[in-house]
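A.B. asks: Residue numbers (my numbering): 12 to 298.
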């Protein structure tokens, strides 16, 4: 009798499954020990403690920029994604032009262009409109207000938020387009057979299914935007990265500053990543 036959004749309870060390979450173990080491330094090392106290003030600004920009980007992405599947030639080409153009520009260049070129152009246009209106109606207060419109009304943080929203809106548009096109054509035909219009079919039949499918990639893009929010430091917004630059320049504590800022970013992204994984599992269970 062969050894293999004897193995097969053993009862399942008599043989214990071997633990495979290669399946262990070594990355999580390493992160836990690194987190413990940084936490110890933050509590007992005065330099790390002072650095953390200073940099943590940038966390609310970073989260505010990320959340507001992401909400705007999601709305833009949904509208442009619908336009990308439209049969109207003008709407389709306008949406495609926006997506291809924005996706081809690096985010940092887009932020700089929007903050220091696009916004001033818009303000100059407002001034020109006001001057033209005053030439027609000199006593009109509305046109006088347009001439007096100052670019200082638009703070750097708002410019950064709009730039991130427009930049990520192009990526979200492709996510929504893929989600909509993943729904079978029979769903639209069935909705139309019930007497629904195109808009009603999209609203009540297609979009609920598509949004359910694109929630995980949307969550991943939210994490990506959180990290890309560090790029707004180029327009002097006092978020986490900008505060780290100021701290490094004033104290010359380079290693401590970078360790703390990396710890804060990593903490936020790990929490959000856990939320995205929970959402994915929840959706699989519901399906």
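Where is the CB? At the ideal position from N, CA and C, for every residue including glycine.
No experiment lies behind these values; they were computed from the predicted model shown.
Please tell me whether residue 95 and residue 106 are closer than 8 Å, where the distance is taken between their beta carbons.
C.D. replies: For the purposes of this step, residue 95 is taken as the residue at position 84 of the chain shown. For the purposes of this step, residue 106 is taken as the residue at position 95 of the chain shown. It is a contact, given that the beta carbons lie within the stated cut-off.
A.B. asks: Residue 7 lies in the alpha helix (DSSP H); which residues open and close that run?
C.D. replies: Outside the displayed span of the chain (12 to 298) sits residue 7, for which this structure offers no information.
A.B. asks: Check this for me: beta carbons of residue 80 and residue 179, under 8 Å apart or not?
C.D. replies: Taking the first residue of the chain shown as 1, we reach residue 80 at position 69. Taking the first residue of the chain shown as 1, we reach residue 179 at position 168. Yes, the pair counts as a contact, with Cβ atoms nearer than the cut-off.
A.B. asks: Extract the residue ranges of the alpha helix (DSSP H) inside the region 39–66, only unbroken runs of 4 or more that lie entirely within it.
C.D. replies: 57–66
A.B. asks: Under DSSP, the alpha helix (DSSP H) around residue 130 begins and ends at which residues?
C.D. replies: Here residue 130 corresponds to residue number 119 of the chain shown, with the count starting at 1. Start and end: 130–147.
A.B. asks: If you count every other CB in all the chains shown that lies within 10 Å of the CB of residue 112, and 16 or more means buried, which is it?
C.D. replies: Stepping through the chain shown from its first residue, residue 112 is reached at position 101. Its Cβ having fewer than 16 others within 10 Å, residue 112 is exposed.
A.B. asks: Under 8 Å, with one C-beta from each stretch per pair, do the region 268–285 and the region 231–239 reach the 3-pair mark?
C.D. replies: yes
A.B. asks: Taking a contact to mean a Cβ-Cβ separation below 8 Å, would you say residue 176 touches residue 83 in this structure?
C.D. replies: If you number the chain shown from 1, residue 176 lands on position 165. If you number the chain shown from 1, residue 83 lands on position 72. Cβ distance < 8 Å, so residue 176 and residue 83 count as in contact.
A.B. asks: Quick check on the DSSP output: the alpha helix (DSSP H) that includes residue 116 runs from which residue to which?
C.D. replies: Indexing the chain shown from 1 puts residue 116 at position 105. Taken as a continuous stretch (DSSP letters only), residue 116 belongs to no alpha helix (DSSP H), as it is neither H nor E.
A.B. asks: Is the region 249–260 in contact with the region 60–77, if contact means three or more CB pairs nearer than 8 Å?
C.D. replies: yes
A.B. asks: Nearest to residue 92 by alpha carbon, out of 190, 204, 268?
C.D. replies: The sequence position of residue 92 within the chain shown is 81, counting from 1. Of the listed residues, the one whose Cα sits closest to residue 92 is 190.
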